[in-house]
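Right, one structure below, let's go through it.
In structure tokens form, the structure reads like this:
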């Protein structure tokens, strides 16, 4: 009512109204972090001239694993905020698989510590990971059973229950799985889904359990069925998932309210150079989705899905979380306000991402000392070989005839060794097998990121080099390592073996460099030297996977052996 | 997954999918009151053949004062359910103004007592009345101040805070008003609005307070502005509010998600003969609103607005609340399921509305004995006269010259007396004035419903008849009464003086009869003998109103006098 001065008034903006899809020319008046009016003639302590930019509610990323950026929460926030994101629904699935609940607590604290003029530039709703570990065939750093889930989900720490990846358990009405979901729902908390290729009766069952979202759709038909069954479809714009446009074809004027945008897994390079949700908006509009639909998909729709009552719209009583963008085509972000505080402008973030440090997530790589001999693999005759293929994460089973010398296999041409070393409890567990299609020659490389238990994955054709890679990874507290003859290089992912505490520019650069070093060992075109390794332990994707417990035949859902008994 | 038999399967229905706006041919499978799948091939204990009817989520009436039907909750439920309503958001504003919180408790209990095969055919979300009393110029049966509101809103009894009619207090930032709203919001409860003609800065302020709905829009322009400011627009299909179609013109493919349907005030005759939300749907479709939009406005949209997570859609995990309708044009209801139980079929309700009785809401009419002399009105010279007009509820101030005889005014032609008698505490308070435009000759009539304090309103040109009307109303425990010479008739509204405990057919018939008797006294065309009286105490509608405390000049917002001092 203009009885008092506002704290802030944003003038000269084209204000996008997400309730009507219209643009209003008007001032946005802010007091105590809230929008108090859209109108004209406001008097304020601070006036910001938007110079004709479009004012949108800042973006809500509906589902993201921050760890996949390999950035610390603080560095992630710098990139995310400057691309217009105000809230992320983050599932700390990776760090919790390593550090347990302490990992989630660290994430929350780290994000909370970023304070600027009294606000948190990036607000985080943390989901309690629902599937720790993801499969029974591996050793993870923590186990969250039904009872623990019931205790944890009640905490303020957690906004909801993270993607329920173990969909066979839900569809099969496994008691522990359902008890986790029930615990969340009874606390009024949302349960996120992960329902690849679920359809028909199975999809009905999955939805009947009370799960509300899915980000695994692969095409419009898949989206349509999930929309019909009441799931919010999370249109994913990840670094490796490439079906945003295909999925968005399912959108109609009637159903767009049920689609929301997410990143899921997005690396630092993409975050810096292409952006986050702003990139998704650009892509949607480019393919012909009306801008007002696209914007709703990351503002009002997401706020409704997640019950974020004060978010997702520029209207009185809503938080003054605002992204100013140049146009509704490229969505170049010109300024970002969080609760009425300017936190990013142009290409600059205005806040300093002060680091939060926690012993709980440091020095997490605990392995028994390994020697070259530990990588011997005594195989002969017919053996199962895991075959990787360019541009994908599926593997195949290849059967080869091999011979052995002094208790170690003689590697056929184009074949190297793959080892997965348990790294949480220094148990000495190690799985080993042969790997084809990868192309490495004359050394070894490894990484401590390997979904979902994040044991060490080492690949090589030289036992000594493989042992050295393991040692380098241990020394660094996790990370990536290359050993090529005398050449050695390691890049530390010192936070839980998953994330670097360095500035994002350095993370991007160092990742590029070590990847280039790895490439020199002849790794095939179309295969990412490190990033292709991180899925080789994920024992839910066909056909063969390797964990610290051995070779897994995913189709049969059992541990198998390399040696084929005849 | 069809591992077990379902409780119920509905076959042969055209299933409306509110997420996509499409019709699916499919079976609806129900177990434990929940939809577990939409598909085919289900095996069930009970099979219901819908014979090609359309299956819709049953309707949610977003805002209704049940008391306005003059029916007991049980009789209301019979009519509401058979017209396809599954949930009502009920504001027991009237009964709470008479009986205090005990009135709300009675409503809740009465609805809860209607059980049929383990379900409540009509589910009720009760809103805590926010404005008791509505104005300072009258004596209500209860007062709910800020502190009491803070205590009460935390109870499970109340779903949210009822329409905040005292909008000037909100816009004026009155501390007590804001403390009520704040108390509701801090408990995560919704606050309903009532914002007639609010616009611009005032609307911004009202919305900024956190109020989420409005049902007082009068045209599309009004709707559009309220939609923009983030209010859900409640499209009202009441008995006396006639702007559903006018308001619905504001709907677009983009914004229809923010419109919801409500009845507000609807009498028994309309409920029985025209229906409730089914009637609103018919009217919307008739004016050209696409049926999928209209249906969303009373299902998904309303469920989202009020956070009714399990309501508003036919999809797995949702409550099996289903209305079967003949077509998507007339919406004739053929069958109604509540949590999977058939509760109405054709024109029949299958449940019996067992009465819940409460002393708290009986014998609520407490008045001092009144005699003919109490209705004497000693006026002479220039006096203010309240003038009523046909087909509206506004009044005007008319100035007349009158003379007095033996301490009582000589009524000019076309003028009668109006009296409002306090009836909660037998205080003897009585307001009196002259009334023109009404047309009554030769008797008196009165009613115990008078918004919002529900004191007795008596109109007549004969002091003896007026006293007799008051006595009849007292005897009946409230209701309607007519005295025309020797003829006397009363119809009891024995529940709080607002509702009858008789079957709805009788209520409709008796109301019609007593109204016909009243009409015989010459009441003008276009003026409802009783229903026009119920707003004459509502001291928030211009120009003159009469309460037990006297004549109120609403424009000046002060008590005035009939006698004009010269």
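Chains as they are written, first to last, in this note's numbering: chain A, 1 to 566; chain B, 1001 to 1566.
No residue lacks a Cβ here, since even glycine has one placed at the ideal position from N, Cα and C.
Roughly how many whole angstroms lie between the Cα atoms of residue i and residue j?
i, j, result
"residue 421 of chain A", "residue 549 of chain A", "9 Å"
"residue 512 of chain A", "residue 494 of chain A", "18 Å"
"residue 356 of chain A", "residue 127 of chain A", "20 Å"
"residue 266 of chain A", "residue 16 of chain A", "28 Å"
"residue 165 of chain A", "residue 538 of chain A", "12 Å"
"residue 1480 of chain B", "residue 1446 of chain B", "6 Å"
"residue 1289 of chain B", "residue 1248 of chain B", "8 Å"
"residue 1237 of chain B", "residue 1527 of chain B", "21 Å"
"residue 444 of chain A", "residue 1317 of chain B", "50 Å"
"residue 1311 of chain B", "residue 315 of chain A", "27 Å"
"residue 498 of chain A", "residue 97 of chain A", "11 Å"
"residue 405 of chain A", "residue 223 of chain A", "53 Å"
"residue 198 of chain A", "residue 1188 of chain B", "35 Å"
"residue 1487 of chain B", "residue 1091 of chain B", "37 Å"
"residue 1379 of chain B", "residue 1408 of chain B", "7 Å"
"residue 1149 of chain B", "residue 1139 of chain B", "19 Å"
"residue 46 of chain A", "residue 27 of chain A", "13 Å"
"residue 541 of chain A", "residue 285 of chain A", "33 Å"
Give me whichever residues DSSP pairs with residue i in a beta bridge.
i, result
"residue 484 of chain A", "A:487"
"residue 1546 of chain B", "B:1551"
"residue 1495 of chain B", "B:1499"
"residue 1164 of chain B", "B:1193"
"residue 184 of chain A", "According to DSSP, residue 184 of chain A bridges with nothing at all."
"residue 1366 of chain B", "Paired residues: none, contrary to the question."
"residue 384 of chain A", "A:399"
"residue 1344 of chain B", "B:1336, B:1349"
"residue 409 of chain A", "A:404"
"residue 1433 of chain B", "B:1418"
Do residue j and residue i come within 9 Å of each other at the CB atom, strictly closer than that value?
i, j, result
"residue 48 of chain A", "residue 342 of chain A", "yes"
"residue 337 of chain A", "residue 58 of chain A", "yes"
"residue 572 of chain A", "residue 68 of chain A", "Since the first residue of chain A shown is 1 and the last is 566, residue 572 of chain A is not available in this structure."
"residue 1190 of chain B", "residue 1161 of chain B", "yes"
"residue 1516 of chain B", "residue 1530 of chain B", "no"
"residue 1241 of chain B", "residue 1070 of chain B", "no"
"residue 1262 of chain B", "residue 1061 of chain B", "yes"
Leaving out five residues on either side along the sequence, give the residues of the same chain with a beta carbon under 8 Å from the beta carbon of residue i.
i, result
"residue 1551 of chain B", "1384, 1386, 1431, 1433, 1544, 1545, 1559, 1560, 1561, 1562"
"residue 360 of chain A", "99, 102, 103, 105, 106"
Apart from the five residues just before and just after residue i, which ones in its own chain have a Cβ nearer than 6 Å to its Cβ?
i, result
"residue 293 of chain A", "256"
"residue 1368 of chain B", "1426, 1428"
"residue 270 of chain A", "239"
"residue 1363 of chain B", "1477"
"residue 275 of chain A", "83"
"residue 1122 of chain B", "1077, 1080, 1081"
Residues of chain E with a CB under 8 Å from the CB of residue i: which are they?
i, result
"residue 39 of chain A", "The question asks about chain E, but that chain is absent: this structure's protein chains are A and B."
Could you tell me which of the options sits nearest to residue i, measuring between CA atoms?
i, options, result
"residue 1449 of chain B", "B:1424, B:1461, B:1205, B:1468", "B:1424"
"residue 141 of chain A", "A:31, A:441, A:133", "A:133"
"residue 36 of chain A", "A:475, A:531, A:286, A:313", "A:313"
"residue 21 of chain A", "B:1218, B:1056, B:1118, B:1230", "B:1230"
"residue 1507 of chain B", "B:1023, B:1041, B:1075, B:1042", "B:1075"
"residue 143 of chain A", "A:130, A:153, A:284", "A:130"
"residue 1397 of chain B", "B:1566, B:1490, B:1536, B:1168", "B:1536"
"residue 340 of chain A", "A:159, A:6, A:110", "A:6"
"residue 206 of chain A", "A:146, A:221, A:226", "A:226"
"residue 208 of chain A", "B:1523, B:1492, B:1001", "B:1001"
"residue 461 of chain A", "A:510, A:471, A:436", "A:436"
"residue 254 of chain A", "B:1296, B:1282, B:1219", "B:1296"
"residue 1041 of chain B", "A:484, A:201, A:351", "A:201"
Please return the same chain residues whose Cβ sits closer than 7 Å to the Cβ of residue i, not counting the five positions on each side in sequence.
i, result
"residue 353 of chain A", "74, 75, 77, 78, 114"
"residue 1216 of chain B", "1194, 1195, 1196"
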